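>
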Amino acid sequence: MSPSSWIETAAERSDLIRDALALARELHTGDWRETGAGEIPFIDHPLAVAERLAEERFAEQVVAAGLLHDVLEYTHFPLSKLRNRFGVDVAAIVFALTEDMEIGNYEERKDDLRQLVAEAGPDAWMVFAADKVSNVEVLRRAYTLEGEDVDEDLPVELNRKILVWEDDLEMLFDEAAADTPLVDRFASEMVGLWGQRAEQLRMA
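Going by our numbering, the first residue of the sequence shown is number 40, and it counts up by one from there.
This is the structure we're talking about:
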């Protein structure tokens, strides 16, 4: 299928996914994400996450959670409304994927999130894995353009991001079944990023 066709097809077949897609677009309109090589529309990220989940034929609740996984963290949409509109299952996954911004230290905040995800179960693991695949893919494209200079624009320096992602991957390897496609894809993207950095630093 062509890019975005998995989520588009899923939205045509599911009222839940269609409603989640509409809300994600509404809440993230006008927001931007820094990639390390310029900004992209924020909505591109949840669309990419949901696209991977739809492609792997996950249940509609999981795909909807992928579309909405950033709304509690980055918008003012409350958990109670999310639960009432999309159900307990979607709300629970989104809650598990939401960082506690009152934890000021980056690594401690990510440790707390990782524990929430690990305890939330397989559906949350898969949304988390799809989220990481999308994030690493975007950073790899930025690294291709900027090399180590991506640090100049990233909100968190590259070395710290990579260490956190390594811990995320270790958790998914511990929790998920062997040969889980999204976890394997996350691992593959990380290997690719390590290779890019090694080549860049060798040539420096």
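Where is the CB? At the ideal position from N, CA and C, for every residue including glycine.
None of these values were measured; they are calculated from a predicted model.
Give the secondary structure of I46 by DSSP, where H, G and I count as helix, E and B as strand, and everything else as coil.
I46: helix per DSSP, three-state reduction.
> Do you know how far the Cα of M242 is from the Cα of A103?
The alpha-carbon atoms of A103 and M242 are separated by roughly 43 angstroms.
> For G69 and P80, what's the separation of their Cα atoms in angstroms?
Whole-angstrom Cα-Cα distance: 7 angstroms.
> Pair every Cβ in the segment 138–151 with every Cβ in the segment 174–182, then say whether three or more of these pairs are closer than 8 angstroms.
In short, these stretches do not touch, since the Cβ pair count stays below three.
> Does the Cβ of D139 have 16 or more other Cβ atoms within 10 Å, making it buried, or fewer, making it exposed?
D139 should be labelled exposed.
> Return the first residue and the last residue of the beta strand (DSSP E) that I259 is part of.
This structure leaves residue 259 out entirely; the chain is present only between 40 and 243.
> Can you tell me whether DSSP reads R96 as helix, strand or coil?
If DSSP states are grouped into helix, strand and coil, R96 belongs with coil.
> How would you call S41, buried or exposed, if buried means at least 16 neighbouring beta carbons within 10 angstroms?
The predicted model places S41 with a pLDDT of 44, which falls under 50 and marks its position as unreliable, so this point remains unresolved.
> Check I201 in the structure and name its three-state DSSP category.
Helix.
> Quick one: Cα of K149 to Cα of V156, how far?
Whole-angstrom Cα-Cα distance: 10 angstroms.
> Along the beta strand (DSSP E) that carries I79, what are the first and last residues, could you check?
That run of the beta strand (DSSP E) goes 78–80.
> What first and last residue would you give for the alpha helix (DSSP H) that runs through E73?
It is not in any alpha helix (DSSP H) - E73 instead sits in the beta strand (DSSP E) that spans 71–73.
> Where do the ends of the alpha helix (DSSP H) carrying G231 lie?
Element bounds for G231: 220–242.
> According to DSSP, simplified to helix, strand and coil, what is L211?
Looking at L211 - three-state DSSP - the assignment turns out to be helix.
> Beta-carbon separation of R270 and Q239 under 8 angstroms?
Given that the chain is displayed from residue 40 to residue 243, the structure contains no residue 270 and the question cannot be resolved.
> Near T114, which residues of its chain fall below 7 angstroms by C-beta distance, leaving aside the five closest residues on each side in sequence?
Around T114: L66.
> Could you round the C-beta distance between L107 and V129 to whole angstroms and report it? I think they count as a contact, below 8 angstroms.
With a Cβ gap of about 7 angstroms, L107 and V129 count as contacting.
> Is the Cβ-Cβ distance between M210 and L92 less than 8 angstroms?
No.
> Buried or exposed: which applies to V109, given that a residue is buried once 16 or more other Cβ atoms fall within 10 Å of its Cβ?
First, the residue type needs correcting, since residue 109 is Asp and not Val in the sequence shown. Classification of D109: buried, given that the 10 Å Cβ count is 16 or more.
> Kindly give me the distance between the Cβ atoms of V101 and D162, rounded to whole angstroms, as I take these residues to be in contact under 8 angstroms.
Yes, they are in contact, since the Cβ atoms of V101 and D162 sit about 5 angstroms apart, within 8 angstroms.
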